[in-house]
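Okay, so the sequence shown: first residue is 5 according to the working numbering, each after it adds one.
Think of the CB as a built atom: it goes at the ideal place given N, C-alpha and C, for glycine as much as any other residue.
Predicted model only: the values in this text are computed from it and were never measured.
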Amino acid sequence: MPEIPPFRPDLIEAQARARWDEARLFEARDEDRVHPRSYILVMFPYPSGRLHMGHVRNYTIGDVVARHRRLRGENVLHPIGFDAFGLPAENAAIAHGIPPARWTEENIATMLGQLDALGFAYDRRRLLVTCRPEYYRWEQWLFLRLLERGLVYRAEAEVNWDPVDGTVLANEQVVDGRGWRSGAPVERRRIPQWFLRITAYAEELLAGLDRLPDWPEEVKTMQRNWIGRSPGTRVVFPIAGRAGEEVEVFTTRVDTLYGVSFLALAPEHPLVRERAAGDARLAAFVEETRRLALAEAARTTVDKRGLDIGLRALHPLSGEAIPLYAVNYVVADYGTGAVMGVPAHDARDHDFARRYGLPLPRVVRPATTSERPPLPYLEEGVLEASGPFDGLASAEARRAITEALAARGRGRAEVHYRLRDWGVSRQRYWGCPIPIVHCASCGPVPVPDEELPVVLPTEVRFAGVRSPLPDLPSFTDVACPRCRAPARRETDTFDTFVESSWYYARYASYDQTGAILDERARAWLPVTLYIGGIEHAVLHLLYARFVHRALRDLGLVPGDEPFAALLTQGMVLKDGAKMSKSKGNVVEPNALVARYGADTVRLFMMFAAPPELPLEWSDAGVEGAARFLRRLWRFVHEHGGAGPRVDPAGLDDAGRRLWALIERTVAKVDDDYGRRRTFNTAIAALMTLLGALQDEAARAGHDAGLLAYGTRRLLQLLHPIVPHTTEALWARAGGEGLLALTPWPVPETAAFAEGGVRRLVVQIDGRRRGEIALAEDADEEAVRAALAATEGLARHLAGRRIRRLVVVPGRLVNVVTEAV
5 MPEIPPFRPD LIEAQARARW DEARLFEARD EDRVHPRSYI LVMFPYPSGR
55 LHMGHVRNYT IGDVVARHRR LRGENVLHPI GFDAFGLPAE NAAIAHGIPP
105 ARWTEENIAT MLGQLDALGF AYDRRRLLVT CRPEYYRWEQ WLFLRLLERG
155 LVYRAEAEVN WDPVDGTVLA NEQVVDGRGW RSGAPVERRR IPQWFLRITA
205 YAEELLAGLD RLPDWPEEVK TMQRNWIGRS PGTRVVFPIA GRAGEEVEVF
255 TTRVDTLYGV SFLALAPEHP LVRERAAGDA RLAAFVEETR RLALAEAART
305 TVDKRGLDIG LRALHPLSGE AIPLYAVNYV VADYGTGAVM GVPAHDARDH
355 DFARRYGLPL PRVVRPATTS ERPPLPYLEE GVLEASGPFD GLASAEARRA
405 ITEALAARGR GRAEVHYRLR DWGVSRQRYW GCPIPIVHCA SCGPVPVPDE
455 ELPVVLPTEV RFAGVRSPLP DLPSFTDVAC PRCRAPARRE TDTFDTFVES
505 SWYYARYASY DQTGAILDER ARAWLPVTLY IGGIEHAVLH LLYARFVHRA
555 LRDLGLVPGD EPFAALLTQG MVLKDGAKMS KSKGNVVEPN ALVARYGADT
605 VRLFMMFAAP PELPLEWSDA GVEGAARFLR RLWRFVHEHG GAGPRVDPAG
655 LDDAGRRLWA LIERTVAKVD DDYGRRRTFN TAIAALMTLL GALQDEAARA
705 GHDAGLLAYG TRRLLQLLHP IVPHTTEALW ARAGGEGLLA LTPWPVPETA
755 AFAEGGVRRL VVQIDGRRRG EIALAEDADE EAVRAALAAT EGLARHLAGR
805 RIRRLVVVPG RLVNVVTEAV
């Protein structure tokens with residue numbers, strides 16, 4: 005027997021990557037119109053300086069899919085880039101005196117080395133870095149085209165303002181009324197902001213979700229809720245004693261109109277601001293509420309408080325006078341900033357009315373019982389105490405009351421959306437400059453296309469934490485593009501979600517210098533499979549869907565959607581918690597690759613859990629993956645070789661069973677990698693196959709040709725997940741050329757009828773732990789051998805004794821264990 009060379013992942017992996025690079029295997033062929041195209045994309049990382057295990061899991065999934073499709077003969081586009089603008093670079097600059105551009109580029113170089121070490125098969129020619137002018141030039145161009153089409157506007161908006169950091173904060177960055185970074189009390193300010201009119205596509209974005217069958221339902225539900233389509237009625241309440249003045253509300257339950265006992269106004273409502281100017285108590289309440297900077301969701305749970313502002317509105321149908329209250333649980337940027345207070349049929353209004361002794365008129369009763377349920381009664385039913393509408397069912401009453409309001413000029417049917425236009429202004433330095441010049445005479449003026457890009461200065465110094473751009477005359481002081489008078493450049497930069505909303509399209513036209521996109525974008529899009537964390541389910545994915553439609557309407561991309569299919573991988577956990585530095589439970593990919601090799605890390609990440617579920621980190625699991633690869637290495641070197649061609653007619657019973665197992669495994673793994681994307685079950689099947697090949701090698705009279713054939717099949721099927729090791733073993737197993745260029749195996753379906761092999765689910769102590777392949781006539785000894793040979797099952801049996809073994813033919817193996 006030949007001497008087995010040592011298993012050295014560091015050497016094996018470096019040699020394999022060098023051979024692939026020399027062959028330029030992973031470059032997508034734009035000119036290829038013959039082979040089917042696949043565009044496999046992972047959400048690109050922020051250049052933080054190091055990969056974490058969440059990155060590794062995400063990118064390994066993408067790499068497995070891309071390699072599998074390439075082996076199946078498809079022309080695959082699989083690129084990578086960096087979402088390189090953002091606050092962390094500013095934090096580093098402030099803390100260490102490093103210019104953000106330098107910090108970012110150094111981190112990119114480090115992370116590219118990590119990506120290479122893990123063997124990810126990217127088309128590196130197409131590397132995109134969003135902080136480089138050649139990228140954001142076209143983002144600025146796109147912004148100006150949207151401005152021309154009325155999809156961009158500038159307006160004053162009330163924002164959370166951190167007076168120390170000198171920037172706007174999202175609601176999520178306000179913690180107990182203070183800035184998340186500075187700790188300063190947050191103020192509410194009205195400042196000019198640039199907006200993208202995403203609401204212009206609200207209905208289309210909502211309807212499009214029904215045409216995305218390969219997106220997770222959870223993601224589509226989250227987007228539907230975020231868009232929040234609400235058909236209802238706009239109701240106009242005249243203000244008593246003030247001719248021509250009125251309060252407008254939007255309601256989805258106009259059937260409760262006769263149950264209104266007050267109108268609730270947001271503290272920012274114009275009527276509240278007007279009355280607060282002459283009422284110190286009301287002004288103090290408004291200021292206190294504004295300081296809370298509460299999001300809509302938070303205001304639903306806050307202790308309900310308010311003040312009568314001293315005005316009365318008139319019921320639009322009955323004419324009854326209704327008090328107006330400023331309240332702390334209504335937000336100005338949803339609906340009209342005013343809502344009907346219906347305390348008998350709304351939980352928030354009920355709490356408020358009881359606190360202030362307001363009437364609770366019941367106007368809806370259950371349709372199926374005469375009993376009066378406790379208040380608030382939130383369901384639909386039949387109207388009562390509602391004048392001419394008594395006895396109508398809620399749905400019918402909504403139509404009738406809306407018609408009555410319209411006839412009086414006091415209302416109309418409307419559809420509202422929870423979705424708000426996308427505010428893209430950020431008062432931060434490290435972002436794409438907004439291509440606008442402010443002129444005292446001309447107002448905001450677009451930068452001409454020929455002057456793009458507006459380049460962000462990279463050699464800057466921070467004085468504190470605020471952006472240095474407003475204090476940089478070399479950047480701000482320019483001539484107006486229209487009148488040539490002295491003017492000032494916009495110093496706000498884009499929200500970083502802008503960069504990530506169109507990068508997927510630019511990969512297709514990565515080297516185009518004369519246009520944002522070219523005909524290659526129409527050829528490659530939509531993305532075949534997009535892979536990333538579910539935390540991006542709403543904002544990033546919704547913004548990308550919006551921008552894709554804008555690009556479509558500019559004639560630049562095909563179809564309505566950017567991503568045909570979406571896979572959202574689960575988090576990587578350790579000891580039940582998400583890996584994070586603050587928890588001290590981070591596992592570094594570099595250390596693992598150095599100790600075990602990239603293939604061990606890839607194998608563990610794909611085997612430990614289905615991709616959509618959380619992955620619990622296990623040191624024992626990593627060791628198990630390493631043992632499997634060492635076993636594979638030893639087996640191929642001991643028994644690999646070309647071998648004679650397989651003659652199925654010459655196989656004995658055991659040989660026919662093995663042949664059947666090989667071909668069934670080919671079919672299963674192909675399906676698991678492709679349609680099902682259940683990589684863990686594919687690995688389990690391949691571990692079973694290795695065990696069967698080992699058993700065959702140990703059997704007297706085994707067929708050498710079948711053994712060699714099965715070994716090559718095993719390496720081919722494993723290659724997308726453990727590409728380096730299988731590439732190194734391919735020649736030893738009798739394969740020719742590069743394994744990465746060898747066509748994907750096609751199962752010999754004739755073998756399916758041979759051997760009576762069945763796949764059975766294995767339960768160990770009541771929990772499903774995997775599957776094994778068994779001949780129909782397998783005895784208990786064969787079952788026990790299969791359990792022990794299957795890596796994913798053997799680790800659940802380690803240190804335990806099988807107390808009872810029950811085989812349900814064709815379906816299940818049930819194992820009951822006890823401690824040794």
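About 7 Å separates the beta carbons of H56 and M583, which is inside the 8 Å limit, making them a contact pair. By the Cβ neighbour-count rule, G536 is buried, with 16 or more other Cβ atoms within 10 Å of its own.
With distances taken between CA atoms, A97 lies nearest to V464 out of T500, V464 and Q516.
For R773, the CB contacts under 6 Å within the same chain, skipping 5 residues up- and downstream, are V766, L797 and H800 in chain order.
Positions of the alpha helix (DSSP H) runs, each at least 4 residues long and wholly inside the stretch 338–418, are given as 351–360 and 398–411 in order along the chain. With a cut-off of 8 Å on Cβ pairs, the stretch 110–126 is in contact with the stretch 83–90, counting three or more such pairs. Put simply, the backbone Cα of I538 is about 8 Å away from that of G574. By the neighbour-count criterion, in which 16 or more other beta carbons inside 10 Å mark a residue as buried, I520 falls on the buried side. In the same chain as P530, and ignoring 5 residues on each side of it, the C-beta atoms closer than 7 Å to its own belong to G563, E565, P566, F567 and A568, in chain order. At a Cβ-Cβ threshold of 7 Å, Y508 and L150 do not count as neighbours. Note that the C-beta distance between A330 and L267 is not below 7 Å. The beta carbon of R716 sits closer than 7 Å to those of A737, G738 and G739, all from its chain and outside the five residues before and after it, given in chain order. Beyond the five residues adjoining it in sequence on each side, P363 comes within less than 8 Å, by CB distance, of S265, P347 and A357 in the same chain, given in chain order. L200 is bridged by DSSP to V156 and W426. Take the alpha-carbon of T372 and the one of R366: they are about 17 Å apart. Here R73 has S42 and V80 as same chain residues with Cβ atoms under 6 Å from its own Cβ, once five neighbours each way along the sequence are excluded.
Nearest neighbour of L379 by Cα position, chosen from D355, E291 and P813, turns out to be D355.
For the pair L286 and L311, the CB atoms are nearer than the 7 Å cut-off. Straight-line measurement puts the Cα of D676 at about 14 Å from the Cα of R763.
A contact between stretches requires three or more CB pairs, one per stretch, nearer than 8 Å, and the stretch 800–813 fails this requirement with the stretch 708–722. One alpha carbon belongs to L148, the other to G183, and they sit about 33 Å apart. With respect to N684, P614 sits close: the two C-beta atoms are nearer than 7 Å.
Restricting attention to beta strand (DSSP E) runs no shorter than 3 residues, the stretch 704–774 encloses them at 761–768, ordered along the chain. Looking at the DSSP output, V240 shares a beta bridge with E252.
Between D656 and V812, the alpha-carbon positions lie close to 27 Å from each other. About 6 Å separates the beta carbons of V626 and T604, which is inside the 8 Å limit, making them a contact pair.
Considering only A541, K587, R599 and A653, the residue with the shortest C-alpha distance to P220 is A541. Inclusion of V190 and V178 in the CB contact set at 7 Å is warranted, their separation being smaller than that value. Residue range L816 to A823 is occupied by the beta strand (DSSP E) that includes E822, with no alpha helix (DSSP H) assigned at that position. With at least 16 other beta carbons inside 10 angstroms of its own, R606 counts as buried. When DSSP states are grouped into helix, strand and coil, E7 belongs to the coil group.
Nearest neighbour of I202 by Cα position, chosen from V156, V168, G263 and N594, turns out to be V156. Between R194 and V576, the C-beta spacing is not below 7 Å. If you look at Y43, you'll find it in the beta strand (DSSP E) that goes R41 to V46. C487 counts as exposed, since fewer than 16 other beta carbons sit within 10 angstroms of its beta carbon.
Counting along the chain, D312 sits inside the beta strand (DSSP E) bounded by residues G310 to L318.
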